[in-house]
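> Each residue of the sequence shown is one higher than the last, beginning at 0 in numbering that gives the first Met the number 0.
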Amino acid sequence: MGGYKTWLREGNYIAGAWVNADSGETIDVTNPATGDVIGTIPKSGTAETARAIDAASAAFPDFAATDLMSRVSLLWKLHDALMDNQADLAKLLTVEMGKPLPEAMGEIAIGAQYVRWFAEEARRAKGEIVPPGVNGRRILVTRHPVGVVGMITPWNFPSSMLARKLAPALSVGCTVVAKPATQTPYSGLAWAALAEEVGYPKGVVNIVTGSASQIGGEIMARPEVRKVTFTGSTEIGKLLIRQSADTVKKVSMELGGNAPFIVFDDADLDAAVEGAMVSKFRNAGQTCVCANRLYVQAGIHDAFVAKLAEKTAALKVGDGTQGGVEQGPMVDMQAVEKVEEFVSDARAKGGEVAVGGSRHALGGSFFEPTVITGATQDMMFATDEIFGPLAPVFKFETEAEVIAMANATEFGLACYAYTSDIARVFRLNEGLEYGMIGINSGLITTPEAPFGGVKESGMGKEGGSQGLDDYLDTKYVCIDGL
Ligand code: NAP
Numbered sequence: 000m001g002g003y004k005t006w007l008r009e010g011n012y013i014a015g016a017w018v019n020a021d022s023g024e025t026i027d028v029t030n031p032a033t034g035d036v037i038g039t040i041p042k043s044g045t046a047e048t049a050r051a052i053d054a055a056s057a058a059f060p061d062f063a064a065t066d067l068m069s070r071v072s073l074l075w076k077l078h079d080a081l082m083d084n085q086a087d088l089a090k091l092l093t094v095e096m097g098k099p100l101p102e103a104m105g106e107i108a109i110g111a112q113y114v115r116w117f118a119e120e121a122r123r124a125k126g127e128i129v130p131p132g133v134n135g136r137r138i139l140v141t142r143h144p145v146g147v148v149g150m151i152t153p154w155n156f157p158s159s160m161l162a163r164k165l166a167p168a169l170s171v172g173c174t175v176v177a178k179p180a181t182q183t184p185y186s187g188l189a190w191a192a193l194a195e196e197v198g199y200p201k202g203v204v205n206i207v208t209g210s211a212s213q214i215g216g217e218i219m220a221r222p223e224v225r226k227v228t229f230t231g232s233t234e235i236g237k238l239l240i241r242q243s244a245d246t247v248k249k250v251s252m253e254l255g256g257n258a259p260f261i262v263f264d265d266a267d268l269d270a271a272v273e274g275a276m277v278s279k280f281r282n283a284g285q286t287c288v289c290a291n292r293l294y295v296q297a298g299i300h301d302a303f304v305a306k307l308a309e310k311t312a313a314l315k316v317g318d319g320t321q322g323g324v325e326q327g328p329m330v331d332m333q334a335v336e337k338v339e340e341f342v343s344d345a346r347a348k349g350g351e352v353a354v355g356g357s358r359h360a361l362g363g364s365f366f367e368p369t370v371i372t373g374a375t376q377d378m379m380f381a382t383d384e385i386f387g388p389l390a391p392v393f394k395f396e397t398e399a400e401v402i403a404m405a406n407a408t409e410f411g412l413a414c415y416a417y418t419s420d421i422a423r424v425f426r427l428n429e430g431l432e433y434g435m436i437g438i439n440s441g442l443i444t445t446p447e448a449p450f451g452g453v454k455e456s457g458m459g460k461e462g463g464s465q466g467l468d469d470y471l472d473t474k475y476v477c478i479d480g481l
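(1) Please state whether the Cβ-Cβ distance between P157 and S186 is less than 8 Å.
(2) Does the distance from the CB of I26 to the CB of K42 come in under 8 Å?
(3) Taking A381 as the reference, give the member of N257, P167, D245 with the closest Cα.
(4) With a cut-off of 8 Å, do at least 3 Cβ pairs link the region 302–317 to the region 330–338?
(5) For E127, report the span of its beta strand (DSSP E) as first-last.
(6) Compute the beta-carbon to beta-carbon distance between G356 and V342, rounded to the nearest angstrom, for a pair I have assumed lies under 8 Å.
(7) Is the beta carbon of C173 within less than 7 Å of some heavy atom of ligand 1?
(8) Out of D479, G216, A80, S364, state which residue places its alpha-carbon closest to the alpha-carbon of G34.
(9) Helix, strand or coil for S210? Go by DSSP, reduced to three states.
(10) Assign A345 to buried or exposed, taking buried as 16 or more other Cβ atoms, counted over all protein chains shown, within 10 Å of its Cβ.
(11) What span of residues does the alpha helix (DSSP H) with I235 cover, start to end?
(12) What did DSSP end up calling K178 once you bin it into helix, strand or coil?
(13) Ordered along the chain, which non-local residues of its own chain (more than five positions away) have a Cβ less than 7 Å from that of H143?
(14) Quick check on N84: buried or exposed, where buried means 16 or more other Cβ atoms within 10 Å of its Cβ?
(15) Identify which residue in T372, E409, L412, G387 has its Cα closest to the Cα of F395.
(16) Decide if G319 is buried, meaning its Cβ has at least 16 other Cβ atoms within 10 Å, or exposed.
(17) By the three-class DSSP mapping on this structure, what secondary structure does L193 have?
(18) Determine the extent of the alpha helix (DSSP H) in which N428 is found, giving its start and end residues.
(19) Report the CB separation of L81 from I107 in whole angstroms; it is logged as a contact under 8 Å.
(20) When DSSP labels each residue in this structure, what does Q326 get in the three-state scheme?
(21) Ligand 1 and S343: does any heavy atom of the ligand fall closer than 7 Å to the residue's C-beta?
(22) Spell out a yes or no on whether the region 210–227 and the region 52–66 are touching, meaning 3 or more CB-CB pairs, one atom from each, closer than 8 Å.
(23) Would you mind stating whether H78 and A111 have Cβ atoms separated by less than 8 Å?
(24) Taking only three categories from DSSP, how would you classify S278?
(25) Tell me the residue span of the alpha helix (DSSP H) that contains D53.
(26) For the beta strand (DSSP E) containing W311, list its first residue and its last residue.
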């Protein structure tokens with residue numbers, strides 16, 4: 000073997016062993032660029048998940064009691080293992096998911112940065128000694144790992160979405176049962192292979208593949224699982240929140256987005272176009288923080304559209320493993336059909352296709368990078384997440400008008416604005432109902448900052464010092480009679 004296959008695992012990882020589904024049944028995993036079968040994964044369900052939860056529960060007391068520095072040192076090793084194998088892990092990611100190799104390299108690197116960040120942050124997971132109201136008393140506030148954590152992740156960032164959950168959990172002594180997306184399971188399973196290689200004790204990291212409803216159902220039902228962290232669609236997030244009620248689990252939810260990308264007349268035009276390109280077309284538009292609606296002020300609108308159209312038309316589409324490719328295939332044909340629906344809806348309501356608009360000549364799930372002008376608030380993408388390489392441009396006149404349009408969605412994950420007016424920046428910060436705001440930047444994800452949304456985009460934060468909070472319970476000790 001060698002190359003990316005070094006990290007390709009076709010089993011569940013439960014209690015430190017690679018195992019098949021009890022039934023022996025498997026699911027094929029295909030490369031979206033070629034349609035070729037890359038390998039198989041176990042079609043597991045309730046029973047295998049139950050054993051993974053048992054293993055994580057059994058491993059928890061000892062792992063939670065390890066020295067902080069031994070957990071930190073394991074994370075350092077995990078970071079180094081990721082970076083030492085960055086190229087192979089990135090190739091595996093591209094082959095199963097489709098994104099261009101440079102983007103996959105970036106995803107592995109940012110995952111490693113999250114690992115390093117939480118290795119550092121766990122050392123600052125401080126409690127408090129609080130001034131008591133009466134003499135003779137002391138009040139201590141201490142923080143403790145929540146226990147077994149269930150993790151469910153999507154296909155669009157199959158490696159880094161798990162990094163942002165695994166790293167904080169492991170840093171504070173939680174144990175894990177994770178379920179990666181069925182379309183892109185190998186980057187998730189690679190985390191188990193890496194954890195095994197760097198010496199995590201058996202049962203600390205468990206990964207199960209197969210039936211989402213059965214694996215998810217067992218994770219949600221079992222009282223030993225004290226917290227569930229989910230990244231994926233708002234629809235499934237709501238289902239999991241409902242299911243969490245019976246055992247009153249902590250939940251954190253990184254759900255869908257519908258990011259407005261606002262360009263004011265006073266913006267640096269080239270920077271705004273550059274930011275729009277990276278925010279819109281990265282990962283073929285399949286990111287939760289993707290620019291979904293481009294609002295451009297009337298005075299700069301035509302110049303912006305001309306440049307955006309020129310750059311969009313020049314994007315090189317192809318198999319992400321090939322050099323120079325800037326946009327890979329979409330994840331599957333259903334995703335293609337969804338983008339087609341957005342295009343025809345916009346056309347029917349008066350939108351004009353300035354670039355692209357159709358399936359790509361390469362066939363399969365390749366789609367042309369697309370710009371639509373004349374977008375209006377009654378078009379589907381004004382409220383729905385596109386999740387594809389389609390940039391709708393809306394024209395607006397005033398700041399108040401664009402803030403109202405930007406907020407007219409149930410989502411509240413990321414938004415962006417390009418302007419050179421500092422006073423406006425503060426008004427936007429106060430007026431835009433979003434968890435993250437990029438000012439003059441189209442790329443804002445970084446381990447130092449709390450990533451997460453408001454409204455129906457979710458709850459809880461990943462990254463920043465806040466990223467540890469969900470993995471810790473707070474206890475208070477009152478010592479009296481002193
Ligand atoms: P999805 O359909 O919700 O799937 C996400 C995960 O949930 C997958 O592992 C899936 O398993 C699993 N799942 C499906 N049904 C389930 C059930 N009944 N119980 C438990 N788990 C279940 O979302 P997706 O299409 O993969 O991802 C795209 C969505 O994720 C978009 O809305 C995007 O905005 C959002 N997202 C958000 C963030 C963020 O940080 N806010 C980041 C990335 C993506 P299967 O694969 O087996 O179906």
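Yeah, the Cβ is synthetic: ideal placement off N, Cα and C, and Gly gets one too.
Computed from a prediction, not measured in an experiment: that's the story for all the values here.
Reading from the atomic positions:
(1) Locating residue 157 in the sequence shown gives position 158, where the first residue counts as 1. Locating residue 186 in the sequence shown gives position 187, where the first residue counts as 1. In this structure, S186 lies closer than 8 Å to P157 by Cβ.
(2) Along the sequence shown, read from residue 1 onward, the residue named residue 26 stands at position 27. Along the sequence shown, read from residue 1 onward, the residue named residue 42 stands at position 43. In contact: I26 and K42 (Cβ atoms closer than 8 Å).
(3) If you number the sequence shown from 1, residue 381 lands on position 382. Of N257, P167, D245, the residue nearest in Cα terms is N257.
(4) no
(5) As a working note, residue 127 is residue 128 in the sequence shown. Note, E127: beta strand (DSSP E), 127–129.
(6) Taking the sequence shown and counting its residues from 1, the one referred to as residue 356 is at position 357. Taking the sequence shown and counting its residues from 1, the one referred to as residue 342 is at position 343. Yes, they are in contact, since the Cβ atoms of G356 and V342 sit about 5 Å apart, within 8 Å.
(7) Locating residue 173 in the sequence shown gives position 174, counting from the first residue. No, the beta carbon of C173 sits no closer than 7 Å to any heavy atom of ligand 1.
(8) Here the question's residue 34 lines up with position 35 in the sequence shown. Considering only alpha carbons, the answer is S364.
(9) Indexing the sequence shown from 1 puts residue 210 at position 211. Coil at S210, not helix or strand.
(10) As a working mapping, residue 345 is identified with position 346 in the sequence shown. That one is buried.
(11) For this step, residue 235 is matched to residue 236 along the sequence shown. Run containing I235: 233–243, per the alpha helix (DSSP H) assignment.
(12) Taking the sequence shown and counting its residues from 1, one reaches residue 178 at position 179. Three-state DSSP puts K178 in a strand.
(13) Along the sequence shown, one-based indexing puts residue 143 at 144. Excluding positions up to five away in sequence, the list reads L471, D472, K474.
(14) Residue mapping note: residue 84 aligns to position 85 of the sequence shown, counting from 1. Per the 10 Å Cβ criterion, buried.
(15) In the sequence shown, the residue the question calls residue 395 occupies position 396. Selected option, being the one with the closest Cα: T372.
(16) Walking along the sequence shown from the start, residue 319 turns up at place 320. Counting every other CB atom within 10 Å of its CB across the protein chains shown gives G319 a total of 16 or more, marking it as buried.
(17) Translated into the one-based positions of the sequence shown, residue 193 becomes position 194. The answer is helix: DSSP assigns L193 an H, G or I state.
(18) For the purposes of this step, residue 428 is identified with residue 429 of the sequence shown, where counting begins at 1. Start and end: 421–430.
(19) Taking the first residue of the sequence shown as position 1, residue 81 is located at position 82. Taking the first residue of the sequence shown as position 1, residue 107 is located at position 108. With a Cβ gap of about 6 Å, L81 and I107 count as contacting.
(20) In the sequence shown, the residue the question calls residue 326 occupies position 327. It is a strand residue.
(21) Taking the first residue of the sequence shown as 1, we reach residue 343 at position 344. S343 Cβ: outside cutoff for every heavy atom of ligand 1.
(22) yes
(23) For this step, residue 78 is matched to residue 79 along the sequence shown. For this step, residue 111 is matched to residue 112 along the sequence shown. Cβ atoms of H78 and A111: closer than 8 Å.
(24) As a first step, residue 278 is located in the sequence shown; it is residue number 279 there, counting from the start. Reduced to three states, the DSSP call for S278 is helix.
(25) Residue mapping note: residue 53 aligns to position 54 of the sequence shown, counting from 1. Unbroken alpha helix (DSSP H) run through D53: 45–63.
(26) Here residue 311 refers to the residue found at position 312 when the sequence shown is read from its first residue. What sits at residue 311 in the sequence shown is Thr, not Trp. Residue range 297–312 is occupied by the alpha helix (DSSP H) that includes T311, with no beta strand (DSSP E) assigned at that position.
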